[in-house]
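Sequences listed follow chains A and B, in order.
Straight run, no breaks: the first sequence in our numbering ends on number 241.
Straight run, no breaks: the second sequence in our numbering ends on number 636.
For every residue, glycine included, the Cβ atom is placed at its ideal position computed from N, Cα and C.
Predicted model only: the values in this text are computed from it and were never measured.
Below is one structure, written out as structure tokens; comments come after it.
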Amino acid sequence: MSQQVTLTIDGHQVTVPAGTTVLQAAETLGIEIPHLCYHPALTPPAVCRLCVVEWEGARTLVPACVAQVRDGAVVRTHSERVLRARRTILELLHSAVDLSEAPDALAYGQALGVDPQRFADGERRHFPVYEDNPFYVRDYAKCVLCWRCVEACGDDMQFTYALSLGERGFHTHIATFFDAPMPETTCVFCGNCVGVCPTGALKSLEEHLLEQGIPPEHLSAEKRRRPPLEGNRE
Amino acid sequence: MTASADRPTWQAIPGYEAHLLRRVGQVDPTSLADYEAHGGYRALRAALEMTPAEIIEMVKASGLVGRGGAAFPTGIKWESAARQPVTPRYVVCNADESEPGTFKDRVLMEGDPFAIVEAMTIAAYAVGAEQGYIYVRGEFRAAYERLANAVAAAREAGYLGKRVLGSDFSFDIELRRGAGAYVCGEETALFESIEGKRGMPRQKPPFPTERGLFGRPTVINNVETFANVPHIVLNGPDWFRRIGPPDAPGPKLFCVSGAVERPGVYEGPMSVTLRQLVEVCGGMRPGRKIQAVLVGGAAGTFVPAEHLDTPVSFEALRAIGASLGSGAVLVVDDSVDMLEVVERITRFFAHESCGKCYPCQLGTQRQWEIVRRWQAGHHRPDDAERLQDIAHAMREASICGLGQTAASALMSVLPRMVTRFEGGNHVSASDADH
Numbered sequence: 008m009s010q011q012v013t014l015t016i017d018g019h020q021v022t023v024p025a026g027t028t029v030l031q032a033a034e035t036l037g038i039e040i041p042h043l044c045y046h047p048a049l050t051p052p053a054v055c056r057l058c059v060v061e062w063e064g065a066r067t068l069v070p071a072c073v074a075q076v077r078d079g080a081v082v083r084t085h086s087e088r089v090l091r092a093r094r095t096i097l098e099l100l101h102s103a104v105d106l107s108e109a110p111d112a113l114a115y116g117q118a119l120g121v122d123p124q125r126f127a128d129g130e131r132r133h134f135p136v137y138e139d140n141p142f143y144v145r146d147y148a149k150c151v152l153c154w155r156c157v158e159a160c161g162d163d164m165q166f167t168y169a170l171s172l173g174e175r176g177f178h179t180h181i182a183t184f185f186d187a188p189m190p191e192t193t194c195v196f197c198g199n200c201v202g203v204c205p206t207g208a209l210k211s212l213e214e215h216l217l218e219q220g221i222p223p224e225h226l227s228a229e230k231r232r233r234p235p236l237e238g239n240r241e
Numbered sequence: 203m204t205a206s207a208d209r210p211t212w213q214a215i216p217g218y219e220a221h222l223l224r225r226v227g228q229v230d231p232t233s234l235a236d237y238e239a240h241g242g243y244r245a246l247r248a249a250l251e252m253t254p255a256e257i258i259e260m261v262k263a264s265g266l267v268g269r270g271g272a273a274f275p276t277g278i279k280w281e282s283a284a285r286q287p288v289t290p291r292y293v294v295c296n297a298d299e300s301e302p303g304t305f306k307d308r309v310l311m312e313g314d315p316f317a318i319v320e321a322m323t324i325a326a327y328a329v330g331a332e333q334g335y336i337y338v339r340g341e342f343r344a345a346y347e348r349l350a351n352a353v354a355a356a357r358e359a360g361y362l363g364k365r366v367l368g369s370d371f372s373f374d375i376e377l378r379r380g381a382g383a384y385v386c387g388e389e390t391a392l393f394e395s396i397e398g399k400r401g402m403p404r405q406k407p408p409f410p411t412e413r414g415l416f417g418r419p420t421v422i423n424n425v426e427t428f429a430n431v432p433h434i435v436l437n438g439p440d441w442f443r444r445i446g447p448p449d450a451p452g453p454k455l456f457c458v459s460g461a462v463e464r465p466g467v468y469e470g471p472m473s474v475t476l477r478q479l480v481e482v483c484g485g486m487r488p489g490r491k492i493q494a495v496l497v498g499g500a501a502g503t504f505v506p507a508e509h510l511d512t513p514v515s516f517e518a519l520r521a522i523g524a525s526l527g528s529g530a531v532l533v534v535d536d537s538v539d540m541l542e543v544v545e546r547i548t549r550f551f552a553h554e555s556c557g558k559c560y561p562c563q564l565g566t567q568r569q570w571e572i573v574r575r576w577q578a579g580h581h582r583p584d585d586a587e588r589l590q591d592i593a594h595a596m597r598e599a600s601i602c603g604l605g606q607t608a609a610s611a612l613m614s615v616l617p618r619m620v621t622r623f624e625g626g627n628h629v630s631a632s633d634a635d636h
């Protein structure tokens, strides 16, 4: 890992250790590359594709979160080819998902001049709000499918594997085994998934109740009215 | 050699000798003895007399490129896997033939299954693999049974297993059946599926030759690619290069379907033109004229009738913005409403997208919705521009070939689709919301 690699990013030469990602190398130059699914504590799933950059000689754009630097590489992080893809991805996301509590996505959209209504004629993803346990709620209408919760629940943090993916394509969603209520899964309510969620799709029950207008002094009583962990097993 | 009227036919293009299809219909596909009587396993015996490096050099020199669609040089793939210091290494046969309009691998697997087993064994010897997998499309019951029988018979006879034919080389093959997902024909999604995971593609690099099945160096080739290998080993790379144009050597299977008289699998050099392929099939059905040819399947592009004299070599097709892909040649006649074909293709991609990366997960759905709305007679002035942006995002930013090609067919007819709506049927953005 002591080997150094020199590459060009947006016309600037930068020398970084081998194994560095383009995202990290750009950061050392003060160049920000947008990203939604990437989280420094988790294995990058490279699914959001917002961090794609132009890599001279590559057939397609490459995701900066996982692309490792190479000697002599020439990378452009904000070419029109790149920006057009990022804009469209964000516009598509707006058309399917409620991004009102996704500050990063909103900020990127503003910077890129995204029209949130551009694909508004398309079908949105609708889900019920799952309030099936005393600790947190799941509102998948706000879910961007960044996989962070799945990874935090699995190999990257908790090794609990309560979360996975259901269905596919546009209808892909975060799911439990056979869509069982959370108390019936292997979930240990560690809260790591809530901690890494970037869009407000996962939220502590207290936060959810406060947003519903429940006064703070009534929180405990309100929480007691929720199904207890064992209660769902009947 | 022709099949009955209700089944696709398979044959060489007239004036051209069949190699890949030579035994199909001639040999008993369930009999190892009959395979041997038709020249089977001569190539493996010859290969075992050579060094692995010599075989790799031979395949490289032949110019064989992958027949699954991506056209990557086979010898370079083998060499790259063989160079990896890591073991075990794997050889995988991609028999998940799912591209709409493609049915060549099925003919090979059902008609000459031992050839695939023999070729995989040669590949395993060349790259130092001890275990192989054949991932067969779930719907291909007969192909699966023929291959399973071939693997068992080969093992029984010492062509597979410990110390193949008394050599120091050991290799065995397991079969896996797909469960119907198109994306599992993508090589890394196929690995995930074999590993028992949800069939979704991986980000490349790392490439399979470095970290493939179970994270180990893996050679994965298409059925037809493997089928070429015994011929190269027996006849040499120069023989192979004498077939077809210089940039596309070797025999190729074409799956011609649609409005032709005799749809089927045809073997020939890649110097043939699309028009010749139609003629080989007995031409168009009576009274029909060619509207366009879908080359490369759902992931391919429509080639308009004026380009029918284009040879199907990689260079020639690239020059007109097309790609042979897996060898599907679907002939669309003038009675067909192209909008219906395009709706079917976009619906296919929306249905088959695995949902992993955003451009494909969302883009395939939106492009299908727009085309479906066209079918209902509603068009928005910004549809073309929006579809082009979706196509750009999918082509440039999707993880795998599914998303990267999901807009190809639609884009190839977009100008025609748009002119169709000129002068009427426009709806405002707000009307189109409903």
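- Contact check for L479 of chain B and G498 of chain B: beta-carbon distance about 13 Å, past the 8 Å limit, so the pair fails to qualify.
- Around the beta carbon of R444 of chain B, fewer than 16 other beta carbons sit within 10 angstroms, so the residue counts as exposed.
- Of A:C194, A:T167, A:S102 and A:V157, the smallest CA-CA separation from K149 of chain A is found for A:S102.
- Contact annotation: in the stretch 128–142 of chain A, residues whose CB is within less than 9 Å of a CB in chain B are D128, G129 and E130.
- Within the same chain, Cβ atoms closer than 7 Å to the Cβ of C457 of chain B are found at G303, T304, F305, K306, V467, G529, A530 and V531, the five residues on either side in sequence being excluded.
- Contact between T503 of chain B and S614 of chain B holds, since their C-beta atoms are separated by about 4 Å, short of 8 Å.
- L90 of chain A is not a Cβ neighbour of L113 of chain A, given a cutoff of 9 Å.
- Identification of chain A residues near T566 of chain B by a Cβ-Cβ cut-off of 9 Å yields G176 and F177, ordered along the chain.
- Under a criterion of Cβ atoms nearer than 9 Å, the residues of chain B adjacent to R125 of chain A are, in order, D584, R588 and D591.
- Secondary structure note for L217 of chain A: its alpha helix (DSSP H) is the uninterrupted segment L212 to E218.
- Between the stretch 475–492 of chain B and the stretch 217–236 of chain B there are fewer than three C-beta pairs closer than 8 Å, too few to call the two in contact.
- The beta-bridge partner set that DSSP reports for E61 of chain A consists of A:R83.
- One thing to note: V60 of chain A has its Cβ no nearer than 9 Å to the Cβ of T95 of chain A.
- Annotation: P231 of chain B to F316 of chain B spans about 7 Å, alpha carbon to alpha carbon.
- Only those residues of the stretch 186–197 of chain A whose C-beta falls short of 8 Å from the nearest C-beta of chain B would be listed, and there are none.
- Listed in chain order, the positions of the stretch 533–558 of chain B with a beta carbon within less than 9 Å of a beta carbon of chain A are F551, A552, H553, E554, S555, C556, G557 and K558.
- Here L476 of chain B has V495, V497, V505, H509, L510, D511, T512, V514 and V531 as same chain residues with Cβ atoms under 8 Å from its own Cβ, once five neighbours each way along the sequence are excluded.
- Annotation for D536 of chain B: K491 and Q493 place their beta carbon closer than 6 Å to its own, counting only its chain and skipping 5 residues before and after.
- Ranked by Cα distance from A272 of chain B, the first of B:A599, B:E259, B:A501 and B:D314 is B:A501.
- The beta carbon of A595 of chain B falls within 9 Å of a beta carbon belonging to chain A, placing the residue at that interface.
- Secondary structure of S9 of chain A (DSSP, three-state): coil.
- Within the stretch 575–630 of chain B, the complete alpha helix (DSSP H) segments of 4 residues or longer fall at 585–599, 603–607 and 610–622, listed in chain order.
- The stretch 366–377 of chain B and the stretch 13–30 of chain A do not touch, with fewer than three beta-carbon pairs separated by less than 8 Å.
- Listed along chain A are R56, A92, T95, I96 and L99, each with a C-beta nearer than 8 Å to that of P561 of chain B.
- According to the DSSP assignment, T420 of chain B belongs to the beta strand (DSSP E) that extends over T420 to N424.
- Per DSSP, reduced to three states, the secondary structure at I96 of chain A is helical.
- Every alpha helix (DSSP H) stretch that sits fully inside the stretch 283–333 of chain B and reaches 4 residues is listed by chain position as 306–313 and 315–329.
- Counting only Cβ-Cβ distances below 8 Å, L172 of chain A has contacts in chain B at R400 and G557, in chain order.
- T50 of chain A and T411 of chain B have their C-alpha atoms spaced approximately 22 Å apart.
- For Y143 of chain A, the uninterrupted beta strand (DSSP E) segment begins and ends at Y143 to D146.
- Judged by DSSP secondary structure, K262 of chain B falls within the alpha helix (DSSP H) whose first and last residues are P254 to S264.
- Contacts between T67 of chain A and chain B, judged by CB atoms closer than 9 Å, involve R597, E598, A599, S600 and Q606 in chain order.
- L209 of chain A is positioned such that its CB atom lies no closer than 9 Å to that of C197 of chain A.
- Contact of A383 of chain B with chain A is assigned, a C-beta pair being separated by under 9 Å.
- The beta carbon of W154 of chain A sits closer than 7 Å to the beta carbons of C44, P52 and V54 from its chain, once the five residues preceding and following it are set aside; these are given in chain order.
- Close to A103 of chain A, with beta-carbon spacing below 7 Å, are these residues of chain B in chain order: L564.
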